[in-house]
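Line by line, the protein sequences give chains A and B. Each position in the first sequence, counted from 1, maps to that position plus 35 in my numbering. Each position in the second sequence, counted from 1, maps to that position plus 103 in my numbering.
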Amino acid sequence: MASPNPSPPRAPSIEPKIELTRKQRIGIPILLAVPILALFGLFGETRGQAHTTSGSIDVEVSYPARFRYRQVQSLHVSVRNLSTTVADTMRVSFDTAYISRFSSVRFDPAAKSAYTVDLTDVKPSESRLVSVELWGQDYGSHRGTVVARHGTDSAIVHLSTFVFP
Amino acid sequence: METVFRVIFVYAFVWACLRTLGKRELSQLAPFELVMLLLIPQFFSRALTRQDYSMTNSVVAATTLFSIVFLTSIASFRFAGFRHFMQANPTVLVRQGQFLPPGLRRERITADEIVSAMHKAGIERIEDVAWAILEPDGKIAIIRAGGADVHNVEADRGTGARQ
Numbered sequence: 036m037a038s039p040n041p042s043p044p045r046a047p048s049i050e051p052k053i054e055l056t057r058k059q060r061i062g063i064p065i066l067l068a069v070p071i072l073a074l075f076g077l078f079g080e081t082r083g084q085a086h087t088t089s090g091s092i093d094v095e096v097s098y099p100a101r102f103r104y105r106q107v108q109s110l111h112v113s114v115r116n117l118s119t120t121v122a123d124t125m126r127v128s129f130d131t132a133y134i135s136r137f138s139s140v141r142f143d144p145a146a147k148s149a150y151t152v153d154l155t156d157v158k159p160s161e162s163r164l165v166s167v168e169l170w171g172q173d174y175g176s177h178r179g180t181v182v183a184r185h186g187t188d189s190a191i192v193h194l195s196t197f198v199f200p
Numbered sequence: 104m105e106t107v108f109r110v111i112f113v114y115a116f117v118w119a120c121l122r123t124l125g126k127r128e129l130s131q132l133a134p135f136e137l138v139m140l141l142l143i144p145q146f147f148s149r150a151l152t153r154q155d156y157s158m159t160n161s162v163v164a165a166t167t168l169f170s171i172v173f174l175t176s177i178a179s180f181r182f183a184g185f186r187h188f189m190q191a192n193p194t195v196l197v198r199q200g201q202f203l204p205p206g207l208r209r210e211r212i213t214a215d216e217i218v219s220a221m222h223k224a225g226i227e228r229i230e231d232v233a234w235a236i237l238e239p240d241g242k243i244a245i246i247r248a249g250g251a252d253v254h255n256v257e258a259d260r261g262t263g264a265r266q
């Protein structure tokens, strides 16, 4: 009745040669590519920098170049008065087409009118920072400009942000 | 990028925990094991997503997991050493109609569970069992004495003999 074998049956040894089907040969490189590209930061958050000078205004912008849907990122605009006199008002305007692609937009200092921040009494060589908090509501590529004005001088910086779905 | 590392870490961590617990937890659905399997995703879901509910993050996490599983299966198939490291070895529970207490204790398998597995394999008496083996996937394989019949019993032990 009982088997005389001292140990249970074992599997035979087969050469471990990897073979893939045609679909696997196509699909697996794609599958492996996604995490590898993610490791190199392709799907991650990146920031862009832009700088321009016009007459008495120096503008430096740090903006989100890529970020993900429903994530919060901030846009910083540093405006510097290059003139030798106090600037009564330096106006920083954000492109409506750009800002409207985001939701829960918050300006610091607060915007006086639609997407426009006024900086008052900016001393010579003084820098002021305008921060905007953006919440990625619409995915895709969003382009726009930030314009800083003082008198007849205006400095324009172009922005481009991609929101991953 | 962080999502990839988080998925790899969670995969390795859960694998290490299950490997430590032993084979029986792999396919058991006794109440306490069911609770464990239900709670694990709850613990890790937020750590994996980090409030990032974007489709991109989900795709990166899912493809990372699929890639790990694929690469692990390739390595397990190709290299015996890696296979033995990743998977548990089979444990003999019954030999020629005799229970083997060391294996049963090590795997925390009761005689009732062996008998239940025998019944599912259509075997009434322990003397008719040549081998009962707890396989790496947590299932009990029953080999009938004096014949070539092999029965892989689904590991839903505890639903038959315990009643």
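We put the CB at the ideal spot given by N, CA and C, even for glycine. Note that the structure is a prediction, hence the values are computed from the model and not measured.
- In the three-state reduction of the DSSP assignment, D215/B falls in the helix class.
- Only residues of its own chain outside the window of five on either side were considered, and among them G125, K126, R127, T194, L196 and L237 have a CB closer than 8 Å to the CB of E210/B, listed in chain order.
- Judged by DSSP in its simplified three-state form, G206/B adopts helix.
- By the neighbour-count criterion, in which a residue is buried when 16 or more other Cβ atoms sit within 10 angstroms of its Cβ, I53/A is exposed.
- By the beta-carbon neighbour count (other beta carbons within 10 angstroms, threshold 16), Y150/A is buried.
- DSSP places I171/B in the uninterrupted alpha helix (DSSP H) bounded by M158 to R181.
- In this structure, P43/A sits near I246/B, with a CB-CB distance shorter than 8 Å.
- Between E105/B and L74/A, the alpha-carbon positions lie close to 8 Å from each other.
- Identification of residues in the segment 56-67 of chain A having a C-beta nearer than 7 Å to some C-beta of chain B yields I63, L66 and L67, given in sequence order.
- By the neighbour-count criterion, in which a residue is buried when 16 or more other Cβ atoms sit within 10 angstroms of its Cβ, T56/A is exposed.
- DSSP places Q145/B in the helix class (H, G or I) of the three-state scheme.
- Close to chain A, meaning a Cβ-Cβ distance shorter than 7 Å, are the following residues of the segment 154-168 of chain B: D155, Y156, S157, M158, T159, N160, V162, V163, T166 and T167.
- Secondary structure note for L74/A: its alpha helix (DSSP H) is the uninterrupted segment R57 to L74.
- In the same chain as R184/A, and ignoring 5 residues on each side of it, the C-beta atoms closer than 6 Å to its own belong to R126, in chain order.
- For R136/A, not one C-beta of chain B is nearer than 8 Å to its own C-beta.
- Going by DSSP, T151/A is part of the beta strand (DSSP E) stretching over T151 to V157.
- Comparing alpha carbon positions, the residue from S166/A, D93/A and P70/A closest to F142/A is S166/A.
- Using a CB distance cut-off of 8 Å, Q84/A does not count as an interface residue toward chain B.
- For the options H177/A, G83/A and D153/A, the alpha carbon positioned closest to that of L164/A is the one of D153/A.
- The beta carbon of A214/B lies closer than 8 Å to those of F202 and L207 in the same chain, with the five residues before and after it left out.
- When Cβ-Cβ separations below 8 Å define contact, L74/A makes contact with chain B.
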